[in-house]
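Last residue of the sequence shown? That's 363 in this note's numbering, and every number before it is there in order.
Heads up, the beta-carbon is just placed ideally off N, CA and C, and yes, glycines get one too.
The block underneath contains the structure these notes are about, expressed in structure tokens.
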Amino acid sequence: MTTADVDAFAHRVRAFHAARGPATPRWALDVARRSENPACAFCTAPLNVDHRHSWGLSPLVPLNQGGPADTENQLMACKRCIAERGSRDLLAWPELSQRLPPDTLDALLADRLFVLQRSDNHLVEVGRFAKPATVLAQLQERWMHPRFVVHVERHSDSWMLGWPLAQRAHLTRNDLAALLRNVHQGEWLEHPEVVAFRLREDVFQSAVWHLIALHALVVPLPLGTDTPSDRSFENRWMARYPSLRQIRLRRQGTHETPWPSQGKDHVPAYSDKPNAVRMRTQRQATREGETKARWLEARRRLAKRDAGVAKGTLRTWLPGERAAMQADVDDLAQQWLSARRLFTRTLKESPAALIRSCSFNGLIDQ
Ligand SMILES: [Zn+2]
């Protein structure tokens, strides 16, 4: 690890935080301009919409913290508040509570929680069979704390991990630095612009999961090349999940052993009475058809989304988002294949006369 490496890392971290989101569309500004009694969302001072330089739009959830790039995430605010806030999370801005009456502040924070449901997220500690409400409850627990971004980058024998020094005043970050140094034996890399640590390969995974549990959004660098090559549990932190459904599907912890009937060497015992065979065959035929339709639908939606992104009518993929959707499609294909395997096996093993009497005969390719 040389000084040049640290400099390059610092450069990429600063580039990430300096990047501006896509420009606000003109119509969004027009909608904001036409609002009745325009006022600053952070200090309630009335705004003069004709003076374009006295006000601006400020995101509820900052874009570099995974906030969605849409108009519901934008608030009208005076230039003074925008400058004072910078790119902080609203919860990391203590002066805000002295400036707003309590009920307005509560409404603002409720809006923040709502927008966070459509923001980038990491995984939560629930199993893949958890209800959406459970996932949401765990995420909301996490959202009660200020969000912050931690960058990681892989090097030949170790990982580099850090964040911009400009935000070191944030209390959680100081705790984090102490944690990395004392618990995970991170080596502090001195740099004027970023707080950077070097972590050994063997402690890195546990450190990342520790950070995620402490409400950090861990973003791998360089951006755009972070599709997890293996989908093992340890590397799932690399993908980011923009919807609750994907969070629920992706996470399978080491404590979650599959159901005995789903194990590889499980041999199901079926009845061979004619009626049971007929009903079983029928059930498997339906399941085969349903899983195939679900897979084709998912594949069609992904292709449509791809076409939209290529044409520029839909927003570009977030890092790891496409890989997550592709993984969903692959899972559905696997489900269809296993359903088809079961169905064809039953067809082969059952007496032909019995099969001919089933009502799905039109479905089978002869
Ligand atoms: Zn203001």
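Which residues does DSSP pair with residue i in a beta bridge?
i	result
E138	DSSP lists no partner for E138.
R195	M157 and E184
Q71	P56
F201	Partner(s): none; F201 has no beta bridge.
R297	BP columns for R297 are empty, so no partner.
V215	V147
A386	There is simply no residue 386 to check, as the chain begins at -2 and stops at 363 in what is shown.
A36	P43
Hey, how far is the Cα of residue i from the Cα of residue j?
i	j	result
L315	T343	43 angstroms
V46	G159	40 angstroms
S153	A7	18 angstroms
H263	A89	53 angstroms
P348	R275	10 angstroms
V149	R77	33 angstroms
V133	D303	Note that residue 133 is Leu in the sequence shown, not Val. Their Cα atoms are separated by approximately 28 angstroms.
A66	P99	28 angstroms
L186	D172	17 angstroms
E285	A330	11 angstroms
V147	A290	41 angstroms
R151	E346	53 angstroms
T0	T313	34 angstroms
R115	W333	30 angstroms
A368	A174	For residue 368 there is no data in the structure shown, the boundaries of the chain being -2 and 363.
M73	T131	33 angstroms
H50	T68	20 angstroms
L105	P265	55 angstroms
L393	L87	This structure cannot settle anything about residue 393, because the visible part of the chain is limited to -2 through 363.
E397	A324	The structure shown does not extend to residue 397, since the chain is modelled only from -2 through 363, so no value can be given for it.
A5	E190	12 angstroms
R319	H188	35 angstroms
F201	R139	22 angstroms
R96	I79	14 angstroms
R353	A127	41 angstroms
D27	G317	34 angstroms
L102	E33	20 angstroms
Y267	D199	47 angstroms
For ligand 1, I want to know if residue i counts as a neighbour, meaning its beta carbon is within less than 6 angstroms of at least one of the ligand's heavy atoms.
i	result
A29	no
A42	yes
F39	yes
Please report the Cβ distance between residue i and residue j, rounded to the nearest whole angstrom; I am assuming they are in contact, meaning their Cβ atoms lie under 8 angstroms.
i	j	result
A336	T288	5 angstroms
R31	P161	So it is not a contact: roughly 37 angstroms between Cβ atoms.
A204	L177	7 angstroms
V180	V112	Contact flag wrong, Cβ pair sits at about 33 angstroms.
A42	C75	6 angstroms
R82	F39	7 angstroms
P35	L44	4 angstroms
M235	R195	That pair is no contact at about 19 angstroms.
Q281	L339	5 angstroms
S84	H142	Contact doesn't hold; Cβ gap of about 17 angstroms is too wide.
R23	L218	Not quite, the Cβ-Cβ distance comes to about 33 angstroms (not below 8 angstroms), so this is no contact.
Restricting to Cα atoms, I'd like to know which of the options is closest to residue i.
i	options	result
V215	W140, A349, R144 and Q137	R144
F296	D328, K345 and P43	Here residue 296 turns out to be Arg, not Phe, going by the sequence shown. Closest by alpha carbon: D328.
L351	L72, P22, K270 and Q332	K270
D117	L60, L106 and F39	L60
T21	D2, N70, A104 and A15	N70
M322	V306, R298, D199 and L334	R298
G63	S268, A16 and Q95	A16
V192	R319, P129 and G183	G183
T283	G53, D325 and T341	T341
T310	E318, Q202 and K301	K301
V3	R319, Q202 and S155	S155
A25	Q95, L54 and H48	L54
C37	L136, A80 and W52	W52
V326	W292, G317, G305 and A213	W292
A107	K128, I79, P129 and Q137	Q137
H212	Q95, T101 and Q135	Q135
Using beta carbons (cut-off 7 angstroms, strictly below), is residue i in contact with chain C?
i	result
A336	Any reference to chain C falls outside this structure, which holds one protein chain only.
Let me check you understand the geometry: is the CB of residue i closer than 6 angstroms to at least one non-hydrogen atom of ligand 3?
i	result
L133	Ligand 3 is not part of this structure, which contains only ligand 1.
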